[in-house]
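Have a look at the structure below, then the notes.
There are 2 protein chains.
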Amino acid sequence: MGAKPGRATDAVESLPSRREEILDAAAEAFMTLGFAATSIDSICAALGLTKGSVYYHFRSKSDLFFAVHRRAMERTRVALTGAAPDAPPAERLHAMAFAHAMLIMEHLPDLRVAALGLEMHLMVRTTAAERADLEELVALRDANERLYVAVIEEGVARGVFRKVDPRLASKPLLGALNWTSRWYQPRPRQRRADRAAIATELADFVLGGLLHRSTC
Amino acid sequence: MGAKPGRATDAVESLPSRREEILDAAAEAFMTLGFAATSIDSICAALGLTKGSVYYHFRSKSDLFFAVHRRAMERTRVALTGAAPDAPPAERLHAMAFAHAMLIMEHLPDLRVAALGLEMHLMVRTTAAERADLEELVALRDANERLYVAVIEEGVARGVFRKVDPRLASKPLLGALNWTSRWYQPRPRQRRADRAAIATELADFVLGGLLHRSTC
DNA sequence: CCCTTTCGACATACCGGGTAGTATAGTAGC
DNA sequence: GCTACTATACTACCCGGTATGTCGAAAGGG
């Protein structure tokens, strides 16, 4: 089933499709078991492939993990930058958080792998090439975090947010959202509207964490 | 250095002391590398012991991991139940979040290991005894979560919090706090007052996420 | 239109290193 | 000598990575 092996027609789409299939399976496995406990063989078994195939598309297990991570970061960046970019700070932050929460629920494996973190792998002895990949991913993650920091700064400057340290305030904000990848599990009968309700609650929560208290 | 081997005096304190030493080293290692990537030998090396000693005190690597986890859950329970138990909901929630954040910063290894989660290890094939331990830990974690749910329920009932689903609202709350174990790293010159400032910010954030908006 | 060559995309077999766990022996206090 | 604790030596096993084989599809020439 699926694409026949060896065909080079539709090269535009079928060539990356195998890669994406492996990425999907890897994200599933990493999400469930974590990096160290996931074996390449288990990923292969889920696909009906063998190690030769995986190591044809990816240089190493770390490379595969990084690729999953990179995809998650890119998806996050697209979601955040596309969320009401011209709205005032409060509306924009709400839109960003909503989009972020929706993204996590709809691409759970990728985003959960990303939420597992990179720091843990910085400690293990790595090759120079892996270090470079790691630093690139850290940069991507920091760039996404800065999108939040920027909107918080603007909100504080305009007086619609409390006087907080934007960098510090971004931490619980990201925690509240990223934590979703830990407790959310999709239900069979759940539709987009259900996820939207959850995402709205989460966005309300993080926005409320920055607004002025109702001490009127 | 440290306690001499073989002594049984001060049995009240020295007996658990070795166990606690191993637990501390294990928490450090698990925090840095994760469960699967941490070897018993590396824990032993950090203590100047060998595997024989560790396997005398703990039946298995999982047992050691569970013990770290259990200690974290117990510490969390103590911190949460001791935080302004008789204050009204808003003050109590703020006190709980503050105590929680302080606990994470002051017992980073334990709490970070706990934040790594249990679900990941539920998937791997485990023995029946390990399953029992796992379910006990899940129960402890859920009990702590329910402490937050209860105060949210009370706050909603009294009208001081927004009309939220308490169980759902507890998720971003816990995420905002637990995430601290991911980004916080203690600085040499940092004192209790510095941590308290951070904890106050975090508690303000999660409390603000539940209060009514300032739409006056 | 046919045969041969080349190449992309996998499978198979294997090695080497690391590691959880065990079995056993040793050592210090009571 | 008994008990509590620790060190040493060893085994069985899993897993990442590699070296090599296979097979079908494009490519190319006549």
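Sequence order for the protein chains is W and X.
Mapping the first sequence onto the working numbering, position 63 (from 1) lands on 66, and the numbers just tick up by one.
Mapping the second sequence onto the working numbering, position 165 (from 1) lands on 168, and the numbers just tick up by one.
Each residue gets a CB set at the ideal place from its N, CA and C atoms; glycine is no exception.
Here the structure is a predicted model, which is why all the values come from computation and not from measurement.
Using a Cβ-Cβ distance cut-off of 8 Å, determine whether residue i contacts chain W.
{"i": "Arg170/X", "result": "no"}
{"i": "Ile155/X", "result": "no"}
{"i": "Glu204/X", "result": "yes"}
{"i": "Gly178/X", "result": "yes"}
{"i": "Val71/X", "result": "no"}
{"i": "Val167/X", "result": "yes"}
{"i": "Ile201/X", "result": "yes"}
{"i": "Gly211/X", "result": "yes"}
{"i": "Leu36/X", "result": "yes"}
Answer yes or no: does any C-beta atom of chain X fall closer than 8 Å to that of residue i?
{"i": "Pro175/W", "result": "yes"}
{"i": "Leu83/W", "result": "no"}
{"i": "Val223/W", "result": "No answer is possible for residue 223/W: it lies beyond the span of chain W, which begins at 4 and ends at 219."}
{"i": "Phe208/W", "result": "yes"}
{"i": "Arg216/W", "result": "yes"}
{"i": "Leu67/W", "result": "no"}
{"i": "Leu26/W", "result": "no"}
Since residue i and residue j should fall inside the 8 Å C-beta cutoff, what is the C-beta to C-beta distance between them, to a whole number of angstroms?
{"i": "Ala49/W", "j": "Ala28/W", "result": "5 Å"}
{"i": "Ala86/X", "j": "Ala98/X", "result": "4 Å"}
{"i": "Tyr151/X", "j": "Ser173/X", "result": "5 Å"}
{"i": "Val2/X", "j": "Gly212/W", "result": "Outside the displayed range of chain X (4 to 219) lies residue 2/X, so it cannot be described from this structure."}
{"i": "Leu140/W", "j": "Arg73/W", "result": "6 Å"}
{"i": "Asp44/W", "j": "Arg78/W", "result": "28 Å between Cβ atoms; not a contact."}
{"i": "Ser82/W", "j": "His103/W", "result": "Before going further, note that residue 82/W is Ala rather than Ser in the sequence given. Their Cβ separation, rounded to whole angstroms, is 6 Å, which keeps Ala82/W and His103/W in contact under 8 Å."}
Provide the residue(s) that pair with residue i in DSSP beta bridges, ordered along the chain.
{"i": "Phe164/X", "result": "Leu214/X"}
Exercise. Just by C-beta distance, which residues in the segment 115 to 142 of chain W are closer than 7 Å to chain X?
Worked result: Taking 7 Å as the Cβ-Cβ cut-off against chain X, the residues of the segment 115 to 142 of chain W that qualify are Gly120, Met123, Met126, Val127.
Problem set entry | Under 9 Å (Cβ pairs) to chain X, residues found in the segment 38 to 60 of chain W | Phe38, Ala39, Ala40, Thr41
For this session: Select from the segment 180 to 191 of chain W all residues with a C-beta closer than 9 Å to any C-beta belonging to chain X, and list them in chain order.
Result: Leu180, Asn181, Trp182, Thr183, Arg185, Trp186, Tyr187
Exercise. Between the segment 185 to 201 of chain X and the segment 194 to 201 of chain W, do three or more beta carbon pairs fall short of 8 Å?
Worked result: no
Problem set entry | Stretch-stretch touch, CB-based, cutoff 8 Å, three pairs: the segment 119 to 131 of chain W with the segment 44 to 61 of chain W | no
Exercise. Would the segment 206 to 218 of chain X and the segment 24 to 38 of chain X be scored as touching if the rule is three or more Cβ pairs under 8 Å?
Worked result: no
Exercise. Taking contact to mean at least 3 C-beta pairs separated by less than 8 Å, is the segment 196 to 207 of chain X in contact with the segment 160 to 177 of chain X?
Worked result: The segment 196 to 207 of chain X, when compared against the segment 160 to 177 of chain X, does not touch it at the 8 Å Cβ threshold.
For this session: Count the C-beta pairs between the segment 143 to 161 of chain X and the segment 61 to 69 of chain X that are closer than 8 Å, then say yes if the count reaches three, no if not.
Result: no
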